[in-house]
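*Asks:* Under the numbering used here, read the sequence shown as residues 36 to 553, first letter to last. The beta carbon of each residue, even a glycine, is placed where N, CA and C say it ideally should be. Nothing here was measured: the structure is a model prediction, and the numbers come from that model.
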Amino acid sequence: MRSSHLYLAVFFSGLTTLSAELAAARLLENHFGTSNLIYATIIGLILIYLTAGYFLGGKWADRSPSPSTFLKILLWGGFFVGLIPLASRPLLQMASRAFDAYQMGALLAAFVVVMILFIIPITLLGMASPFAIRLAIEDPASAGKVAGKIYAISTLGSFIGTFLPGLLLIPALGTYRTFLTIGGMLVIITLLLFLQVYGIKKALLYAWMLVLLVILGILGVRGFDKPTPGLVYETESSYNYIQVVEQNGYRYLRLNEGQGIHSMYHPSELLYAGPWEQVLVAPYLNTPFVEPNSIRSMAIVGLAAGTTARQAVLAYPGIQIDGFELDPKIVEVGQRFFDMQQPGLSVYTQDGRWGLSHSPRKYQIISLDAYRPPYIPWHLTTQEFFQIVREHLTEDGVMVMNVGHVPGDTALIESLCTTLSTVFPSVYVMDLPQTFNSLIYASVQPTTLANLETNWIALLQNRNTSPLILYPMQVMIENIRPATTNGVVFTDDHAPVEWITNEMIIRFFFEGGMEVLQ
């Protein structure tokens, strides 16, 4: 077996390994969420499997330094990678039901079993490099050079594999067929090497693996990936697994594990008792009297499928809105299923911080709602970012931030309020009733809660005032309070948002908080 054959084999082995690892993250985040704890577990276990592969591969190579054995290891590794989503689907569907019902024991069991499915293919792929080194060494004096070249080529394949799933395969083919594609590529390359080294008969002996993967790719798996009641549409993007669910005439946008409603739509109902309409009343913290007709500009960081934009256009006719949404696929879903076609709405598919910082406009309202549960992106929580927000607010501007919390834990909210208070003169918090959402308001001008009540009384006397203004104002008056500022100041250098969030979730779980949800 020539050196060029070995180099080709380890290149695609490295590519398949990293592609499988990143595809595994997507496969699991669709059902278990985007928690850093999930990612850490996936990466850690994959590394353990590779470690076992390196050890076993080196041992096996010394006992049976045969090119045929090496190629069989690669064949079975690629084949089992392609089978992972098919084998895991029943478990993942069980996990989805467990997550929706907050059955954490069943959820954990499903996660463990799914991760066990990766043992065989990843361990086999880990065997490739030490086995290839053993086959490539002809002169012990050049062992170091040979090992270095093998690992360099394998790492180059891993580099390509880092970008392949997220940027190309998953958006184009979906997670299921991504596994089939990366596994199938390795099987094809290995069959070609069998053909080169041993002839067509030996290659045909294992061709059934490729045939089966192709059949699975063509047929797919019938039904939705997640058996969610009322599911009418699902798709995948580079960033998210996206669901549109319809129940009792309402449509909901759910992302990834589905433990959050990112947008909501009804063709005639407009008030949803959610965080969206609470954004609309932010300007009324200013000195009375604030005329509704004076509200003409808004920016939304985390546009999603446009619920807040739709409500804002109806409450404030003629308002100009800049909506920043990172995921273009969500924008497509919003336009198709959530009537996100409002006049005056300009959509920018880019990171919210970058987009806002490069916007030439100033806004009376800036809404920050870019959650990727359970986390707020850390770069949208820092002192430096809030300075950008202030610079893009008008003199009477107010910022609104939607923050998730668990009952009795205010650490994250206090840190955000503490950080905001270093930039804005007035900061308030409102816990939205019957939800796990809090709204944080920060105004450019010094304001008081008395302003809110005075503006509300004046608006009540005007029959033309929209219910989209009056209802959330009433909710706001009943629940808003001045912020406490005893938390950590988040900066671009130090923003332990994930740490605080993880601690909040773990404490909630171990203190029996999940029982409250059931």
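Using DSSP with H/G/I as helix, E/B as strand and the rest coil, what is Thr429?
*Replies:* Start at 1 with the first residue of the sequence shown, and residue 429 comes out as number 394. It is a strand residue.
*Asks:* Can you tell me the Cα-Cα spacing of Val232 and Ser189, whole angstroms?
*Replies:* Counted from its first residue, the sequence shown places residue 232 at position 197. Counted from its first residue, the sequence shown places residue 189 at position 154. Their Cα atoms are separated by approximately 21 Å.
*Asks:* What is the DSSP secondary structure of Tyr285, reduced to helix, strand or coil?
*Replies:* One-based indexing of the sequence shown puts residue 285 at position 250. Tyr285: strand per DSSP, three-state reduction.
*Asks:* What's the C-alpha gap between Phe115 and Tyr211?
*Replies:* Here residue 115 is taken as the residue at index 80 of the sequence shown, counted from 1. Here residue 211 is taken as the residue at index 176 of the sequence shown, counted from 1. Going from the Cα of Phe115 to the Cα of Tyr211 covers about 13 Å.
*Asks:* Alpha carbon to alpha carbon, what distance is there between Ile541 and Pro442?
*Replies:* Here the question's residue 442 lines up with position 407 in the sequence shown. Here the question's residue 541 lines up with position 506 in the sequence shown. Those two C-alpha atoms are separated by around 13 Å.
*Asks:* Check whether the Cβ atoms of Arg425 and Val458 lie closer than 7 Å to each other.
*Replies:* The residue labelled residue 425 in the question sits at position 390 within the sequence shown. The residue labelled residue 458 in the question sits at position 423 within the sequence shown. The answer is yes: Cβ separation under 7 Å.
*Asks:* Measuring straight from C-alpha to C-alpha, what distance separates Leu248 and Pro120?
*Replies:* Here the question's residue 248 lines up with position 213 in the sequence shown. Here the question's residue 120 lines up with position 85 in the sequence shown. Those two C-alpha atoms are separated by around 12 Å.
*Asks:* Taking 7 Å as the threshold (C-beta atoms), are Ala334 and Ile411 in contact?
*Replies:* Here residue 411 is taken as the residue at index 376 of the sequence shown, counted from 1. Here residue 334 is taken as the residue at index 299 of the sequence shown, counted from 1. It is not a contact, given that the beta carbons lie outside the stated cut-off.
*Asks:* Under 6 Å Cβ to Cβ from Trp413, same chain only, skipping five residues before and after it: list those, please.
*Replies:* Here residue 413 refers to the residue found at position 378 when the sequence shown is read from its first residue. Excluding residues within five positions, the ones whose Cβ falls inside 6 Å are Ala530, Val532.
*Asks:* Would the region 51 to 66 and the region 194 to 207 be scored as touching if the rule is three or more Cβ pairs under 8 Å?
*Replies:* Flag = yes, the region 51 to 66 and the region 194 to 207 touch.
*Asks:* Would you call the CB atoms of Ile168 and Ala187 closer than 7 Å?
*Replies:* Here residue 168 corresponds to residue number 133 of the sequence shown, with the count starting at 1. Here residue 187 corresponds to residue number 152 of the sequence shown, with the count starting at 1. Going by C-beta atoms, Ile168 is not nearer than 7 Å to Ala187.
*Asks:* For Asp404 and Pro310, which I take to be in contact (beta-carbon distance under 8 Å), what is that distance rounded to the nearest angstrom?
*Replies:* For the purposes of this step, residue 404 is taken as the residue at position 369 of the sequence shown. For the purposes of this step, residue 310 is taken as the residue at position 275 of the sequence shown. Confirmed, Cβ separation roughly 7 Å.
*Asks:* Cα separation between Phe47 and Gly93?
*Replies:* Residue numbering aside, residue 47 sits at position 12 when the sequence shown is read from its first letter. Residue numbering aside, residue 93 sits at position 58 when the sequence shown is read from its first letter. Near 19 Å, if we compare the C-alpha coordinates of Gly93 and Phe47.
*Asks:* Short of 6 Å in beta carbon distance, which residues of its chain neighbour Gly522, apart from the five on each side in sequence? Order them along the chain.
*Replies:* Mapped onto the sequence shown, residue 522 falls at position 487. Glu449, Ser450, Thr453.
*Asks:* Where Ala350 and Pro502 are concerned, what is the direct C-alpha to C-alpha distance, given to the nearest angstrom?
*Replies:* Along the sequence shown, read from residue 1 onward, the residue named residue 350 stands at position 315. Along the sequence shown, read from residue 1 onward, the residue named residue 502 stands at position 467. Cα to Cα, the separation comes out at about 8 Å.
*Asks:* Please go through the same chain and pick out, in chain order, the residues whose beta-carbon is closer than 7 Å to the beta-carbon of Val222, but skip the five residues on each side of it.
*Replies:* In the sequence shown, counting from the first residue as 1, residue 222 sits at position 187. Leu110, Gly113, Phe114, Met244, Leu245, Leu248.
*Asks:* Under the three-state reduction of DSSP, which class applies to Tyr211: helix, strand or coil?
*Replies:* Working through the sequence shown from its first residue, we reach residue 211 at position 176. Reduced to three states, the DSSP call for Tyr211 is helix.
*Asks:* Quick test of your reading: Gln355 and Ser332, contact by CB under 8 Å. State the CB separation rounded to the nearest angstrom.
*Replies:* The residue labelled residue 355 in the question sits at position 320 within the sequence shown. The residue labelled residue 332 in the question sits at position 297 within the sequence shown. That belief holds up - the Cβ atoms of Gln355 and Ser332 are roughly 5 Å apart, short of 8 Å.
*Asks:* Considering Cα atoms alone, identify which of Gln370, Asn283, Ala308 is closest to Leu505.
*Replies:* As a working note, residue 505 is residue 470 in the sequence shown. Of the candidates Gln370, Asn283, Ala308, the one whose C-alpha sits nearest the C-alpha of Leu505 is Ala308.
*Asks:* Check Leu254 in the structure and name its three-state DSSP category.
*Replies:* On the sequence shown, position 219 is the one that residue 254 refers to. In the structure shown, Leu254 sits in a helix (DSSP, three-state: H, G or I).
*Asks:* Determine the closest residue to Asp527 out of Ile423, Ala477, Ile108, Gly234, with distance taken between C-alpha atoms.
*Replies:* Reading the sequence shown from its first residue, position 492 is the one you call residue 527. Closest by alpha carbon: Ile423.
*Asks:* Rounded to whole angstroms, what is the Cα-Cα separation between Phe525 and Thr417?
*Replies:* What you label residue 525 is simply residue 490 of the sequence shown in a count that begins at 1. What you label residue 417 is simply residue 382 of the sequence shown in a count that begins at 1. Their backbone Cα atoms lie some 5 Å apart in a straight line.
*Asks:* Closer than 7 Å by C-beta to Leu242: which residues in its own chain qualify, once you throw out the five before and the five after it? Chain order, please.
*Replies:* Taking the first residue of the sequence shown as position 1, residue 242 is located at position 207. It should be noted that the sequence gives Ala, not Leu, for residue 242. Result list for Ala242: Leu226, in chain order.
*Asks:* Going by the DSSP bridge assignment, what does Tyr3 pair with across the sheet?
*Replies:* Since the first residue shown for the chain is 36 and the last is 553, residue 3 is missing from the structure and cannot be characterised.
*Asks:* Could you please give the first and the last residue of the uninterrupted alpha helix (DSSP H) stretch that includes Val181?
*Replies:* As a working mapping, residue 181 is identified with position 146 in the sequence shown. 178 to 199 is the span of the alpha helix (DSSP H), which, as asked, contains Val181.
*Asks:* Which same chain residues end up closer than 8 Å to Gln381 when comparing Cβ atoms and leaving out the 5 residues on each side of it in sequence?
*Replies:* For the purposes of this step, residue 381 is taken as residue 346 along the sequence shown, with counting starting at 1. Per the sequence presented here, residue 381 reads as Ser, with Gln not at that position. These residues qualify, in order along the chain: Gln355, Ile356, Asp357, Gly358.
*Asks:* Could you spell out the range, first to last residue, of the alpha helix (DSSP H) harbouring Asn486?
*Replies:* Position 451 of the sequence shown, counting from 1, holds the residue named residue 486. 484 to 495 is the span of the alpha helix (DSSP H), which, as asked, contains Asn486.
*Asks:* What are the boundary residues of the beta strand (DSSP E) that includes Asn472?
*Replies:* Here residue 472 is taken as the residue at index 437 of the sequence shown, counted from 1. Asn472 -> beta strand (DSSP E) spans 472 to 478.
*Asks:* Could you name the residues of the same chain whose beta carbon sits closer than 6 Å to that of Ile195, not counting the 5 residues immediately before and after it, in chain order?
*Replies:* Translated into the one-based positions of the sequence shown, residue 195 becomes position 160. Counting only Cβ-Cβ distances below 6 Å, and skipping sequence neighbours, we find Leu50.
*Asks:* Need the endpoints of the beta strand (DSSP E) that Gly161 sits in, please.
*Replies:* Reading the sequence shown from its first residue, position 126 is the one you call residue 161. From DSSP, Gly161 is part of no beta strand (DSSP E) but of the alpha helix (DSSP H) over 154 to 161.
*Asks:* Could you name the residues of the same chain whose beta carbon sits closer than 7 Å to that of Phe420, not counting the 5 residues immediately before and after it, in chain order?
*Replies:* Residue mapping note: residue 420 aligns to position 385 of the sequence shown, counting from 1. Cβ neighbours of Phe420 beyond the five flanking positions: Arg388, His414.
*Asks:* By alpha-carbon positions, which one of Val279, Ile155, Asn486 ends up nearest to Ile108?
*Replies:* As a first step, residue 108 must be located in the sequence shown, where it is residue number 73. Looking at the Cα atoms, Ile155 is the closest of the given residues.
*Asks:* Where Leu305 and Val348 are concerned, what is the direct C-alpha to C-alpha distance, given to the nearest angstrom?
*Replies:* For the purposes of this step, residue 305 is identified with residue 270 of the sequence shown, where counting begins at 1. For the purposes of this step, residue 348 is identified with residue 313 of the sequence shown, where counting begins at 1. Near 12 Å, if we compare the C-alpha coordinates of Val348 and Leu305.
*Asks:* Quick check: the region 470 to 478 against the region 431 to 442, are at least 3 beta-carbon pairs closer than 8 Å?
*Replies:* The answer is yes - the region 470 to 478 touches the region 431 to 442, with three or more Cβ pairs under 8 Å.
*Asks:* What separation, rounded to the nearest whole angstrom, lies between the Cα atoms of Pro507 and Lys364?
*Replies:* If you number the sequence shown from 1, residue 507 lands on position 472. If you number the sequence shown from 1, residue 364 lands on position 329. About 30 Å.
*Asks:* Could you check which residue in Asn514, Leu106, Phe372, Met539 has the C-alpha nearest to that of Leu447?
*Replies:* As a position in the sequence shown, residue 447 is number 412, starting the count at 1. Answer by Cα proximity: Met539.
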